[in-house]
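Engineer: Residue numbers (UniProt numbering): 1 to 310.
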Amino acid sequence: MPSLSYLVLLFLHGLYSVAYFAYSCWKRLVYAPPLSLTAPRRQLPKHLAILFIPDSGTHYDLTEKCLLESVYRVIDWSKEVGINTLTLYDEHGLLRSLAPAIERHLLAVVPSQLDDTDYPPTPPLSDCTPRSLSPDCAAPQLPFTTINASFDADTHHMLGKPSATRSTTIYVVSADASKPAIAAVASTMAKEEAAYHKLEADSPLFSLTIDEMKWRLEGKNGLPPADFMIVHPLSPSKYNRTALELHSFPLFQTRLTEIHHNRLLARHDAWINWVLPSRFYSRRLPVPLTEVAFREALDDFAGAEMRFGK
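#1: According to DSSP, simplified to helix, strand and coil, what is Phe144?
#2: Cα separation between Leu67 and Leu199?
#3: Return the CA-CA distance between Pro286 and Glu212, expressed in angstroms with no decimal places.
#4: Starting from the C-beta of Glu69, find all residues in its chain whose C-beta is less than 8 Å away, skip the five residues before and the five after it, and write them out in chain order.
#5: Note down the Cα distance separating His92 from Leu62, rounded to an integer number of angstroms.
#6: According to DSSP, simplified to helix, strand and coil, what is residue 371?
#7: For Phe301, which three-state DSSP category applies?
#8: Within 8 Å, do at least three Cβ pairs link the segment 37–44 to the segment 248–260?
#9: Return helix, strand or coil for Pro286, following the three-state DSSP convention.
#10: On a CA-only basis, which of Thr209, Gly222, Gln43 and Ala297 is nearest Asp176? Give me that one, please.
#11: In whole angstroms, give me the CA-to-CA distance for Leu244 and Ala195.
#12: Taking the alpha-carbon of Ala149 as reference, which of Tyr31, Leu4 and Ile75 has the nearest alpha-carbon?
#13: Could you work out which residue in Tyr72, Ser97 and Leu94 is closest to Leu86 when comparing CA atoms only?
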């Protein structure tokens, strides 16, 4: 009996593999190229997040070069299509160390139009008045880098609008702005609550509202949530068969975020992945984000039938 169950399970696995292989071949045969970058789309994300997944087995210099190339492309493409806010993320903070290079790229693209760059250190606990949501009582500043710039945006292809000056904000984020940031906010709130009980002996029990937590994480010094996220592994051959992971991306920034996982590989790469074991192709050069993948992601976002529960 166990041998019969094994044979049935083996048959089902084989049937699934054949069906999936046939579906993949069919998708490649009927593949339709995405719309051009400047083509009108039904909707564009106002805040786009790009999650880069570097390969720990790749040399740092190659990873740095690939990251910078991808970031420069994303900035230029976003400027062209009219996306005003970007979040650039990698788990280990490589992009934060490259923030000066990103700033220099912006200066080269639009000289004298760069507004300011904020490189905040890991913040101390706040000493503001407890239980206050006043703007004068600032929430702890989360550890990420912010770059603000102004561009002369050519928007003639979007709803017939003329060219105008756009303000663009770029958040350069690492895992430090995720769980450590939430822990810092919790520590600040605990300190505020302790101080409040010292001042008010008969104070009511502590309560936390969603609005207050949102203000602390996304307020003046916080990180606003993204509308759309593109997950791009720098070594696609290692991730094309694995489940989607966000690699410690700030969870509070993904409540209503739509996610596009970039699994695009060249046709010959895909056939190699089917034929050869992973050790023959997993340590190739890192792959930057391509315009085709970026356009496909925008088409995916524009083609959604339902959004935000509607």
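Glycine included, each C-beta is placed from N, C-alpha and C at the ideal position.
No experiment lies behind these values; they were computed from the predicted model shown.
Structural biologist: Per the coordinate set shown:
#1: In the sequence shown, the residue the question calls residue 144 occupies position 144. Per DSSP, reduced to three states, the secondary structure at Phe144 is coil, with no helix or strand assignment.
#2: Your numbering for residue 67 matches position 67 in the sequence shown. Your numbering for residue 199 matches position 199 in the sequence shown. Near 51 Å, if we compare the C-alpha coordinates of Leu199 and Leu67.
#3: Your numbering for residue 286 matches position 286 in the sequence shown. Your numbering for residue 212 matches position 212 in the sequence shown. One C-alpha to the other measures close to 42 Å.
#4: As a first step, residue 69 must be located in the sequence shown, where it is residue number 69. These residues qualify, in order along the chain: Pro288.
#5: The residue you call residue 92 lines up with position 92 of the sequence shown. The residue you call residue 62 lines up with position 62 of the sequence shown. Between the alpha carbons of His92 and Leu62 lies a gap of roughly 16 Å.
#6: This structure does not reach residue 371, given that the chain is present from 1 up to 310, and the question cannot be answered.
#7: To locate residue 301, count along the sequence shown from 1; it is residue 301. Three-state DSSP puts Phe301 in a helix.
#8: Short answer: they don't touch.
#9: For the purposes of this step, residue 286 is taken as residue 286 along the sequence shown, with counting starting at 1. If DSSP states are grouped into helix, strand and coil, Pro286 belongs with coil.
#10: Mapped onto the sequence shown, residue 176 falls at position 176. Asp176 has its Cα closest to that of Gly222, out of Thr209, Gly222, Gln43 and Ala297.
#11: As a first step, residue 244 is located in the sequence shown; it is residue number 244 there, counting from the start. As a first step, residue 195 is located in the sequence shown; it is residue number 195 there, counting from the start. When rounded, the distance between both Cα atoms is 43 Å.
#12: Against the sequence shown, residue 149 aligns to sequence position 149. The residue from Tyr31, Leu4 and Ile75 with its alpha-carbon nearest to that of Ala149 is Ile75.
#13: Position 86 of the sequence shown holds residue 86. Comparing Cα-Cα distances from Leu86 to each of Tyr72, Ser97 and Leu94, the minimum goes to Tyr72.
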